[in-house]
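Put into structure tokens, the structure is as follows:
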């Protein structure tokens, strides 16, 4: 399913979506979110169709968070990533291309970012091995 199909039938993003992102801080405080990032086409492209958010939840988890975010942003076009369960590749992508929009405190931010970068580097050999195996398989199938 492409992006256009995913959001078909939903209203476009509101014109003031960038301002509305600032309204999420209170929700994140109340919902025990430790960190929140915006990433994806919204940051790097004028032709964005949705908002990609990545959050590191505290003890409460993410129950009902997406619905509350959608209400504040006045759109259903929200993709929400849980950074606790995201792959090392996705975590690194969020950190390297995204923008931090909320942090509970600096030590939490530093600890998470160092841990995510370390895990990404520590798994590099696995990605290289997987790429080699896929390349070999592709050659056999060609």
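Residue numbers (this note's numbering): 61 to 202.
In this text, a Cβ means the ideal position worked out from N, Cα and C, and glycines have one as well.
Just so we're clear, the structure is a prediction, and the values are computed from it rather than from any experiment.
For residue i, name the three-state secondary structure that DSSP assigns.
i: residue 117; result: strand
i: residue 142; result: strand
i: residue 176; result: helix
i: residue 108; result: coil
i: residue 96; result: strand
i: residue 164; result: coil
i: residue 202; result: coil
Hey, residue i and residue j are a contact pair by Cβ (cut 8 Å); roughly how many whole angstroms apart?
i: residue 160; j: residue 140; result: Going by Cβ atoms, the distance from residue 160 to residue 140 rounds to 16 Å, so no, they are not a contact pair.
As a quick exercise: from the options, pick the residue whose alpha carbon is nearest that of residue i.
i: residue 100; options: 153, 202, 175; result: 153
i: residue 96; options: 176, 150, 158; result: 158
i: residue 172; options: 144, 199, 149; result: 144
Quick check: is any heavy atom of the ligand SAH less than 8 Å from the C-beta of residue i?
i: residue 200; result: Here there are no bound small molecules, and the ligand SAH is not part of this structure.
CB-CB under 7 Å to residue i, same chain, minus the five flanking residues each way: which ones, in chain order?
i: residue 134; result: 74, 80
Which same chain residues, not among the five before or five after residue i, have their C-beta less than 6 Å away from its C-beta?
i: residue 78; result: none
Take residue i and list the residues in its own chain whose beta-carbon comes closer than 8 Å to its own, dropping the five residues that flank it on each side.
i: residue 128; result: 87, 91
Closer than 9 Å, CB to CB, is residue i near chain C or not?
i: residue 159; result: Among the chains in the structure shown there is no chain C, since it carries only a single protein chain.
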